[in-house]
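Here's the structure, in structure tokens; my notes come after.
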Amino acid sequence: MTFGPVFTAEGILYRLWAPLHESVSLKLEGAPPRPMRAVGDGWHHCTVADARVGTRYRFVLPDGLEIPDPASRFQPQDVHGPSEAVDLSLYRWKTSDWTGRPWEEMVIYEMHIGCFTPEGTFKAAIERLDHLQALGVTALQMMPLSEFPGRYSWGYDGVLPYAPDSSYGRPEDFMALVDAAHQRGISVFLDVVYNHFGPDGNYIPAYAPLFTDHHKTPWGNGINYDGDGSEMIREFIIQNAIYWITEFRLDGFRFDAVHAIKDDSAEHLLHVLARRVRDAAANRQVHLIVENEENDSDLLQRGENGEVKLFTAQWNDDVHHVLHITATGETFGYYADYAGDAGKLGRALAEGFVFQGEHMPYRGASRGRPSGHLPPTAFISFIQNHDQIGNRALGDRVLASSPADVVKTVAAIYLLAPEIPMLFMGEEWGAREPFPFFCDFDEDLNEKVRKGRREELSRLPGFDADDLLDPTAPSTFTAAKLDWSKLASSEVLDFYRALLDLRHRRIVPLLKGAGAGNAVYRSAGSALAVDWTLAQNRHLHLHANLGAEAAPLVSQQDDGETIFRLGGSDGGNLAPWTVIWSIGEA
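Just so you know, we're using the working numbering here: the sequence shown kicks off at 2 and counts up by one.
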């Protein structure tokens, strides 16, 4: 690794890339600053013989500004405090033979470490892994962990990407969580943010060309991935991904808002990232997920034999939007573009995206590219996630308040469909704790956040209310913590367990090597039929009625063996809220 401290026989080598300054000093805690040696290309080095594991340090710029290491491994006193030298090689792995799981086996569970348990720590999360294993979860997807300012955050305002946030525990605690997950056959993915840095605690622009005014993002100037000095900025980010994969043995990433990563280089950063991460993983299976508002299917391309070229899958908001409308009847904001009939869900299930280049009224522009040629496993489906809950004025889980038969209908569709399913923490027992946006800055930034949330989401209901939740209040964060005492009384949990058990037994074996672009759908009103041609010369069939009134079947095909039935059919009609899954010969 080019960045961060190195443990050598001569002591600890401290390194800082600060091309905007000719001189930099190193300050160990309890000692006066000592000059670092300029070694060329903007680098400054200093080896300290008596430095040890646990030694805290800062760098000092010529104007006296004391800064943490941008590649700090641990920040015990938050983003403005000193960095701590941590030797990650001292951790003794119990699962050194772990090589990962195939992608088609994934059942993803999105979680926020701070809200997953009352304690909100890596160690506390370990105690809940047996529950997830019994549920049928095979992958954790953790919201961003990089050191962020304050006591609580969603994690998308991190500023020190190599340091797990100290509020969750030490780096070794995170390693222990990954280790414990692997012991239970559970992969671990990390949500990483390479499109912007948070507004508080990012010192890099004081000594390096981190930003460029050639590109604009929703957060201001873009990160300098293609201008003067960009080579080292690119390496800083690429090596960060490699660091998580190699040092923490993660199984992959979810890359946040890749549409906001602007790069005019000959080879886009995203392409380099995908290639370099896979090279670093060697014989381990790693899976790379994107969030992409543009629905750019080019990032999901497969080779002639179906192998992933760049990214494994994308979060498919389109499936969520249609199922959300089905369950709640809400058609405000962007939901209006997905309302109308079950055909939009049929297209999302059969082809991936609802909008594949068509004009989207809410955007006022076209959206997406053709996606029907991709396998269903190139898409991740969900009915809850942090964005779709948190972008509501109250952060309420409106789906959990829907009628039980409706909730079961949408769950039975997305958990058994050949797309990769993703649950949001607590969904499996019908948790009703909200998950509003929260952060913790100084008062000036807090006020800007309050105002910015109102303006950014002004087209959605509730954001003009006088009693809008304060995203910076401790109570907003505390309210989002799961109440595990409600797990025992849940009627939803057994239903989810049964669905995921069925998925692993009957659906997953049909996904490996399944062809692409061979699904068809038919719809009429609230009735829907989808037919996938999968592996082992099998068809997977879905018949569904997503309405409160009986609806005629839209396909009379002999569907083979019924493997799941919710609701029922009478002659040529489907009862309200019916889902029927079957498997037949191709």
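Virtual Cβ for every residue (Gly too), placed ideally from N, Cα, C.
- For the pair TRP155 and HIS387, the CB atoms are nearer than the 8 Å cut-off.
- In the three-state DSSP reduction, GLU120 falls in the coil class, being neither helix nor strand.
- Each of ASP214, GLY230, VAL580 was checked against the Cα of GLY223, and the nearest Cα belongs to ASP214.
- Residue pairing from DSSP leaves ASP495 without any beta-bridge partner.
- With contacts defined by Cβ atoms closer than 8 Å, GLY369 and GLN385 do not form a contacting pair.
- Taking a cut-off of 8 Å for Cβ pairs, the stretch 107-124 and the stretch 138-145 touch, as three or more such pairs fall below it.
- The straight-line gap separating the alpha-carbon atoms of ASN284 and ALA413 is approximately 35 Å.
- Cβ neighbours of ASP397 within its own chain (closer than 6 Å, five residues either side excluded): PRO435.
- Sixteen is the threshold: since fewer than 16 other Cβ atoms of the shown chains lie within 10 Å of the Cβ of GLY453, the residue is exposed.
- Distance between PRO462 and GLU331, taken at the CA atoms: about 11 Å.
- If you draw a straight line from the Cα of ALA366 to the Cα of PRO219, it is about 18 Å long.
- For ASP445 against ARG152, the beta-carbon gap comes to about 17 Å, at or over 8 Å, which does not count as contact.
- For ASP192, DSSP records a beta bridge to ARG255.
- Between TRP44 and PRO172, the alpha-carbon positions lie close to 26 Å from each other.
- Counted as a single uninterrupted DSSP element, the alpha helix (DSSP H) harbouring GLY344 occupies residues 344-352.
- In the structure shown, the three-state DSSP call for GLN286 is coil.
- Each residue's CA atom was taken as its position, placing VAL309 and GLY518 some 15 Å apart.
- Within the stretch 272-325, the complete beta strand (DSSP E) runs of at least 3 residues fall at 288-291, 314-316.
- Counting C-beta pairs closer than 8 Å gives fewer than three between the stretch 172-185 and the stretch 226-237, which falls short of the contact rule.
- Relative to GLY516, the option among ALA337, GLU305, GLU67 whose CA is nearest is GLU305.
- Within the model, the alpha-carbon separation for ALA525 versus PRO553 is close to 8 Å.
- Exposure of LYS449 is indicated by the presence of fewer than 16 other C-beta atoms within 10 angstroms of its C-beta.
- For VAL580, no alpha helix (DSSP H) segment is defined; the enclosing uninterrupted segment is the beta strand (DSSP E) at 579-586.
- Put simply, the backbone Cα of PRO119 is about 41 Å away from that of ASP342.
- Contact between the stretch 454-473 and the stretch 318-334 is present: three or more C-beta pairs spanning the two stretches fall below 8 Å.
- Around the beta-carbon of LYS263, 16 or more other beta-carbon atoms lie within 10 Å, marking it buried.
- Counting only runs that start and end inside the stretch 440-469, the alpha helix (DSSP H) elements of at least 4 residues fall at 444-457.
- Taking all protein chains in view, the Cβ of GLY307 is surrounded by fewer than 16 other Cβ atoms within 10 Å, so the residue is classified as exposed.
- The C-alpha of LEU62 is placed about 50 Å away from the C-alpha of GLU106.
- Within the same chain, Cβ atoms closer than 6 Å to the Cβ of ALA39 are found at HIS45, the five residues on either side in sequence being excluded.
- Straight through space, the alpha carbons of PHE149 and SER168 are spaced by roughly 9 Å.
- The beta-carbon distance between GLU85 and ARG57, rounded to whole angstroms, is 5 Å. This is short enough to meet the 8 Å contact definition.
- In the three-state DSSP reduction, ASN241 falls in the helix class (H, G or I).
- Between ASN225 and TYR163, the C-beta gap is not smaller than 8 Å, which leaves the two residues out of contact.
- Taking 8 Å as the cut-off, the beta carbon of ALA72 is found closer than this to the beta carbon of GLY5.
- Fewer than three Cβ pairs drawn from the stretch 206-213 and the stretch 242-260 lie within less than 8 Å of each other, which leaves the two stretches out of contact.
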